[in-house]
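Protein chains in written order, with our numbering: chain C, 54 to 275; chain V, 172 to 328.
Glycine is no exception: its CB is placed at the ideal position from the N, C-alpha and C atoms.
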Amino acid sequence: MISAERKPFGEIKASIRPHRKILMVGCATCVAECAAGGEKEVGLLASQLRLDAVKEGREIEIKEMTLDRQCVYEFIDQVTPVADQYDVILSLGCGAGVQAMAEVLPKIHIVPALNTTSIAETREAGVWLEDCRGCGDCKLDYFADICPVTRCAKGLFNGPCGGSKEGRCEADPDAQCAWQLIITRLEETGRTASMDEVYPPANWARKQGKGPRKIVREDQRA
Amino acid sequence: MEANQQGVRVAIFFCRQLDPDQDTHRRLLEKELGPRIRFFPLPCSGRIDPLHFLKALETGSDKVYLIACPEGACRYGQGNVRARKRLSYARGLIEEIGFAPESFELIYAAGPLPVSIDTLSRQLLGLGPARSPAVRQAPGSPAIPEKKGETVAVKHE
Numbered sequence: 054m055i056s057a058e059r060k061p062f063g064e065i066k067a068s069i070r071p072h073r074k075i076l077m078v079g080c081a082t083c084v085a086e087c088a089a090g091g092e093k094e095v096g097l098l099a100s101q102l103r104l105d106a107v108k109e110g111r112e113i114e115i116k117e118m119t120l121d122r123q124c125v126y127e128f129i130d131q132v133t134p135v136a137d138q139y140d141v142i143l144s145l146g147c148g149a150g151v152q153a154m155a156e157v158l159p160k161i162h163i164v165p166a167l168n169t170t171s172i173a174e175t176r177e178a179g180v181w182l183e184d185c186r187g188c189g190d191c192k193l194d195y196f197a198d199i200c201p202v203t204r205c206a207k208g209l210f211n212g213p214c215g216g217s218k219e220g221r222c223e224a225d226p227d228a229q230c231a232w233q234l235i236i237t238r239l240e241e242t243g244r245t246a247s248m249d250e251v252y253p254p255a256n257w258a259r260k261q262g263k264g265p266r267k268i269v270r271e272d273q274r275a
Numbered sequence: 172m173e174a175n176q177q178g179v180r181v182a183i184f185f186c187r188q189l190d191p192d193q194d195t196h197r198r199l200l201e202k203e204l205g206p207r208i209r210f211f212p213l214p215c216s217g218r219i220d221p222l223h224f225l226k227a228l229e230t231g232s233d234k235v236y237l238i239a240c241p242e243g244a245c246r247y248g249q250g251n252v253r254a255r256k257r258l259s260y261a262r263g264l265i266e267e268i269g270f271a272p273e274s275f276e277l278i279y280a281a282g283p284l285p286v287s288i289d290t291l292s293r294q295l296l297g298l299g300p301a302r303s304p305a306v307r308q309a310p311g312s313p314a315i316p317e318k319k320g321e322t323v324a325v326k327h328e
């Protein structure tokens, strides 16, 4: 999933400050899973904004909505009929959600309420771990399904670096050493022979350098 | 709730495991104090969500209590531990907007269960003992006074 965190309240408040009628739009998919922008988080932020306005003697009107997926135009269509009734849309979607809404609603001011951070997994309740950089040239099979690009601080394809201590990364002792995990898992799945391989660099052209990446599937198009 | 009424307006969320007769007991104070007190029974204090705290504040409560079972006595194991974490998060949210974090308070009931939610709440709010449920509430019911440091059978978090 895409993981995100809510921006500081002061930053959000400053972004929407001149506006009185606010449409808050959450997303019930990734950012709901990471408790940043789902229906509940929309409610919490709306409640905070309303309480803040009452405390300061300001009038504010907030409508709360949560789309199934804010990055898909078909779902954004629920916003279209009401969007022009509000001064601003405060999006609790990821960066893709905000930009998708901006594409569909070209004349509406849309403000992001989240900082999108990574592609992550839910490690345990309340813990989300980045484990994919979306490099476009996946080598997980070589590395026992543990991504060294993301989870090794040094991004080593041919590790380990030798700096780990008791399975912890020397750059960040809170993080497990990715290469310790890779080797342990290769041993557990009987694939230690692959440790003898020397892996060439990935094709980084697939990750960056030519503007936004795009996938086109003719069979899926209208 | 009407903002022009005297006294503190209170919302009390509480674990139903505290008092099997909570449905009867909480009505005593509800009848006595009218809309200035609102009770919200929860299946476990761990069910509380920061949104519950904020909505209670937003809809007119000056003070929001969550009453949990004694530490180590949660029927479901860790519910009252999670409640403390949720309280902490909710307090952070109101601090961001300049409200006193003490507007939300977690209370651990002391002593063996069950305890009457009516008795607990009266102790917490510094009110006198319950009137007979048979007595009808007169118009213009009394306000909830500010609590004045009484000894109560509860533990504040």
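- Across the structure, residue 254 of chain C and residue 84 of chain C are spaced so that their CA atoms are roughly 32 Å apart.
- The Cβ atoms of residue 157 of chain C and residue 195 of chain C do not sit closer than 8 Å to each other.
- Buried is the label assigned to residue 115 of chain C, since at least 16 other Cβ atoms lie within 10 Å of its Cβ.
- Bridge pairing for residue 147 of chain C: absent [DSSP].
- Scanning the segment 133-216 of chain C for uninterrupted beta strand (DSSP E) segments of 3 residues or longer gives 141-145, 163-165, 167-177 and 180-185, listed from N- to C-terminal end.
- Across the structure, residue 218 of chain V and residue 271 of chain C are spaced so that their CA atoms are roughly 48 Å apart.
- Taking 8 Å as the Cβ-Cβ cut-off, the segment 215-248 of chain V approaches chain C at 220, 221, 222, 225, 226, 228 and 229, given in chain order.
- Per DSSP, reduced to three states, the secondary structure at residue 83 of chain C is helical.
- Residues of chain C with a Cβ closer than 7 Å to the Cβ of residue 250 of chain V do not exist, since the nearest Cβ in that chain sits about 14 Å away.
- Chain order gives the chain C residues near residue 264 of chain V as 97 and 101, where near means a beta carbon separation below 7 Å.
- Distances from the alpha-carbon of residue 164 of chain C to those of C/100, C/70, C/135 and C/185 put C/70 closest.
- Of all residues in the segment 148-179 of chain C, none is placed with a Cβ closer than 7 Å to any Cβ belonging to chain V.
- When secondary structure is reduced to three states using DSSP, residue 95 of chain C falls in the helix class.
- Counting the other Cβ atoms within 10 Å of the Cβ of residue 279 of chain V gives 16 or more, which makes it buried.
- Looking only at C/191, C/89, C/117 and C/55, the smallest Cα-Cα distance to residue 62 of chain C is reached by C/89.
- Among the residues of chain C, those whose CB is under 8 Å from the CB of residue 270 of chain V are 104 and 108, following chain order.
- With distances taken between CA atoms, residue 277 of chain V lies nearest to V/260 out of V/197, V/260 and V/192.
- Judged by DSSP secondary structure, residue 226 of chain V falls within the alpha helix (DSSP H) whose first and last residues are 221-229.
- The Cβ-Cβ distance between residue 153 of chain C and residue 123 of chain C falls below 8 Å.
- Taking the C-beta atoms as reference points, residue 180 of chain V is found nearer than 8 Å to residue 231 of chain V.
- The C-alpha of residue 178 of chain V lies about 47 Å from the C-alpha of residue 55 of chain C.
- Here residue 58 of chain C really is in contact with residue 168 of chain C; their C-beta atoms are around 5 Å apart, less than 8 Å.
- By the Cβ-count criterion, residue 269 of chain C is exposed, with fewer than 16 other Cβ atoms from all chains shown falling within 10 Å of its own Cβ.
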